[in-house]
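Residue numbers (the numbering used here): 26 to 754.
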């Protein structure tokens with residue numbers, strides 16, 4: 026589960042995402058609108074009232090105390106394209122701060138939290154999209170969350186959240202031809218150019234205020250038409266904790282923070298600055314819109330770095346988000362290809378003479394003649410041409426629009442004609458994240474806020490493998506508290522103690538490593554069968570019995586040694602004179618194991634490259650089931666080890682001998698462990714020769730095999746195990 030949250034001067038939006046990186050779904054959404062403060066309240070009182078309102082809202086939606094991903098409005102973030110001579114993130118992290126300091130000289134680097142996304146990487150270097158967030162608004166939102174006992178684990182911008190949703194958009198997940206992606210969010214829009222399934226450039230631009238208001242109204246109408254569809258699972262509280270989408274229904278216009286809402290619309294505050302951060306004003310108009318005038322030619326002023334703007338209302342300063350593209354000395358807008366191009370000697374001209382001539386737009390007043398939707402279409406046409414030229418992507422024949430309400434699709438269809446593209450696609454950013462019923466209605470109620478998709482995209486970054494941007498503004502002095510600070514919670518304290526105990530145990534193991542090795546060596550020596558056999562007899566009259574048992578085959582020697590050892594150890598310890606216990610059905614299976622050992626390692630009926638080190642034999646009979654475990658350690662030469670391993674593996678194949686009516690089922694599993702140990706020559710252990718004085722012990726293979734076998738008769742469920750005349754049960 027991952028939770029994303031967004032704040033602005035109008036309210037907050039929270040989105041909860043569940044699932045995996047490939048199959049994520051929005052489980053719940055909630056929206057909060059700040060209550061209007063009292064005119065008599067001072068700044069501290071307003072801040073306290075907002076904190077109380079946020080705490081109540083989080084508690085109501087079961088978010089209080091939950092770690093969240095913070096989505097920062099892109100108006101507080103500066104975006105720049107940058108080329109690096111290398112693509113290793115570790116090297117980029119070392120120099121990115123110094124590079125950004127020179128790229129954005131208007132703002133001290135200490136006041137910026139810098140992140141970056143690697144758009145493309147090859148042998149020539151890497152192309153980066155740098156995101157530099159101003160720490161002032163970011164720190165204010167983090168402190169607001171901390172005041173209500175809710176922590177932020179990471180932070181990214183609304184543009185970063187939108188880019189993170191690309192794998193969930195079918196129209197953008199796999200791009201086979203050059204494509205321009207336009208995403209409209211509130212008062213801003215993002216234009217990304219995709220070539221070879223990679224993002225080549227990203228631009229962030231400001232939308233005129235009248236168009237912003239029309240977009241907001243269209244979203245409200247779309248939300249009313251769709252209704253309030255709840256989660257299809259009924260009264261499940263795990264997937265729909267956000268019960269009330271809005272805490273108030275007071276309608277407020279969606280506008281950009283850079284626009285003074287109190288100012289009249291016929292003043293310069295409503296003028297359009299296409300670069301969003303130019304120092305020069307393009308023109309002063311009423312309800313300004315952009316139109317193309319093919320009769321005039323010229324160029325736009327050169328883009329400058331964004332400067333902080335003082336808010337006359339006394340709030341925190343807002344920072345403009347500049348347009349992002351592969352910057353050149355002059356940016357130009359496409360015009361009529363029949364017009365006369367600039368002279369070839371003009372060094373600022375971009376492109377070949379046969380490419381479209383580029384002109385600046387003429388801004389004029391069209392009040393009463395052109396709707397805000399048409400103005401938005403004109404603006405997107407111009408900016409798309411700029412983005413295509415700036416990214417040097419060549420001919421773009423496909424444009425994908427997201428974030429545009431259904432009612433405005435008709436107004437923007439003219440982009441296909443104006444841009445001379447092959448395909449214009451309207452897509453939904455949340456199409457892959459919102460489940461729908463058979464009637465097409467969303468199972469989760471989605472607020473009309475334009476940032477819901479971006480908040481969901483930032484929340485996805487908390488899910489393993491779903492972070493596509495790699496940006497996190499919570500670095501340096503904004504990073505979350507360390508482990509000991511978080512240990513105030515009981516779970517964090519337990520985790521800290523667990524790590525401490527594990528560390529102490531690791532130190533003890535390292536310190537006692539020599540003792541453990543000595544213990545393993547001594548333990549392996551005490552389990553040699555000949556030593557165990559001789560140690561079982563204490564009396565001098567038993568010298569003949571202490572002689573190691575022999576036989577014609579390896580099977581006979583091993584079986585004789587095991588039986589004699591078991592019988593005489595029982596005699597020595599308990600003075601029990603009973604005979605060797607009767608054999609069970611599992612004995613026949615074990616005999617097959619021993620025969621395989623003899624056939625593989627035997628030579629003319631005698632052991633060749635095999636020496637038995639340890640034998641552990643257990644059997645049990647419970648009603649209708651007989652089973653047992655055989656464990657033995659043996660020393661083999663390297664070549665014979667391979668043969669024996671292969672032969673024992675073949676025993677796991679069903680054998681007709683044990684799959685008849687008497688023994689219908691056989692389950693054999695073999696486990697092996699191979700290590701190197703320095704011991705004496707294997708031929709000396711087998712008694713074939715005596716060691717020479719001064720010989721160096723050689724390293725040989727020591728293999729340990731463990732076999733388990735369960736035999737389950739089919740028709741014996743009601744029978745009780747009993748002895749037969751042959752001694753079997």
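Each residue gets a CB set at the ideal place from its N, CA and C atoms; glycine is no exception. Here the structure is a predicted model, which means the values were calculated and not measured.
Range of the contiguous beta strand (DSSP E) that encloses residue i
{"i": "residue 52", "result": "49-58"}
{"i": "residue 498", "result": "No beta strand (DSSP E) holds residue 498; DSSP gives it neither H nor E."}
{"i": "residue 219", "result": "213-220"}
{"i": "residue 142", "result": "137-147"}
{"i": "residue 172", "result": "Residue 172 -> not in any beta strand (DSSP E); alpha helix (DSSP H) instead, spanning 160-172."}
{"i": "residue 208", "result": "204-210"}
{"i": "residue 44", "result": "36-44"}
{"i": "residue 88", "result": "Note, residue 88: premise wrong, no beta strand (DSSP E); not H, not E."}
{"i": "residue 504", "result": "Taken as a continuous stretch (DSSP letters only), residue 504 belongs to no beta strand (DSSP E), as it is neither H nor E."}
Member of the options whose CA lies at the smallest distance from the CA of residue i
{"i": "residue 34", "options": "483, 90, 98, 232", "result": "98"}
{"i": "residue 226", "options": "169, 108, 497", "result": "108"}
{"i": "residue 440", "options": "428, 432, 410, 49", "result": "410"}
{"i": "residue 31", "options": "193, 201, 483", "result": "483"}
{"i": "residue 456", "options": "198, 90, 36", "result": "198"}
{"i": "residue 151", "options": "177, 421, 224", "result": "224"}
{"i": "residue 470", "options": "51, 26, 95, 28", "result": "51"}
{"i": "residue 106", "options": "113, 145, 89", "result": "145"}
{"i": "residue 504", "options": "179, 459, 401", "result": "179"}
{"i": "residue 420", "options": "110, 124, 205, 148", "result": "205"}
{"i": "residue 231", "options": "242, 117, 209", "result": "209"}
{"i": "residue 475", "options": "110, 183, 114", "result": "183"}
{"i": "residue 434", "options": "462, 473, 399", "result": "399"}
{"i": "residue 185", "options": "102, 89, 453, 473", "result": "102"}
{"i": "residue 203", "options": "113, 238, 414, 40", "result": "414"}
{"i": "residue 81", "options": "60, 148, 445", "result": "60"}
{"i": "residue 241", "options": "452, 460, 428, 40", "result": "428"}
{"i": "residue 243", "options": "113, 66, 112, 431", "result": "431"}
6 Å Cβ shell around residue i - same chain, five flanking residues per side excluded
{"i": "residue 443", "result": "406"}
{"i": "residue 137", "result": "157"}
{"i": "residue 200", "result": "219, 222"}
{"i": "residue 604", "result": "Any reading at residue 604 is ruled out, since the residue's pLDDT is 40, under 50, leaving its predicted position unreliable."}
{"i": "residue 450", "result": "196, 425"}
{"i": "residue 26", "result": "43"}
{"i": "residue 167", "result": "177"}
Cutoff 8 Å; reference residue i; Cβ partners in own chain excluding five residues on either side
{"i": "residue 532", "result": "none"}
{"i": "residue 79", "result": "37, 57, 169, 173"}
{"i": "residue 771", "result": "Any question about residue 771 goes unanswered here, given that the chain covers just 26 to 754."}
Buried versus exposed call for residue i [16 or more other C-beta atoms within 10 Å across all chains shown]
{"i": "residue 447", "result": "exposed"}
{"i": "residue 45", "result": "exposed"}
{"i": "residue 100", "result": "buried"}
{"i": "residue 55", "result": "buried"}
{"i": "residue 68", "result": "exposed"}
{"i": "residue 193", "result": "buried"}
{"i": "residue 408", "result": "buried"}
{"i": "residue 498", "result": "buried"}
{"i": "residue 63", "result": "exposed"}
{"i": "residue 181", "result": "buried"}
{"i": "residue 403", "result": "buried"}
{"i": "residue 121", "result": "buried"}
{"i": "residue 104", "result": "buried"}
Segment limits, alpha helix (DSSP H) that includes residue i
{"i": "residue 2", "result": "No answer is possible for residue 2: the residues shown for the chain start at 26 and end at 754."}
{"i": "residue 117", "result": "114-128"}
{"i": "residue 108", "result": "Unbroken run through residue 108 is the beta strand (DSSP E), 102-109; no alpha helix (DSSP H)."}
{"i": "residue 132", "result": "Here residue 132 belongs to no alpha helix (DSSP H), and DSSP marks it neither H nor E."}
{"i": "residue 78", "result": "68-85"}
{"i": "residue 482", "result": "477-485"}
{"i": "residue 448", "result": "Unbroken run through residue 448 is the beta strand (DSSP E), 448-452; no alpha helix (DSSP H)."}
{"i": "residue 423", "result": "Element bounds for residue 423: not the alpha helix (DSSP H) but the beta strand (DSSP E), 423-427."}
{"i": "residue 441", "result": "439-444"}
Minimum Cβ-Cβ distance from residue i to chain B less than 8 Å
{"i": "residue 146", "result": "The displayed structure is made up of one protein chain only, and chain B is not part of it."}
Spatial neighbours of residue i in its chain, beta-carbon cut-off 7 Å, leaving aside the 5 residues before and after
{"i": "residue 91", "result": "28, 175"}
{"i": "residue 485", "result": "27, 42, 49, 189, 491"}
Open item on the list: Across the stretch 155-165 and the stretch 65-84, are there enough close Cβ pairs to call them in contact, namely three or more that are closer than 8 Å?
Closed with: no
- [ ] Assess, as a yes-or-no matter, whether the stretch 486-502 is touched by the stretch 184-198 under the definition of 3 or more beta carbon pairs within less than 8 Å.
- [x] yes
- [ ] Determine contact between the stretch 142-159 and the stretch 58-73, defined as no fewer than three beta-carbon pairs at a distance below 8 Å.
- [x] no
Task: Given 8 Å, three or more beta-carbon pairs between the stretch 122-133 and the stretch 212-223 - done: no
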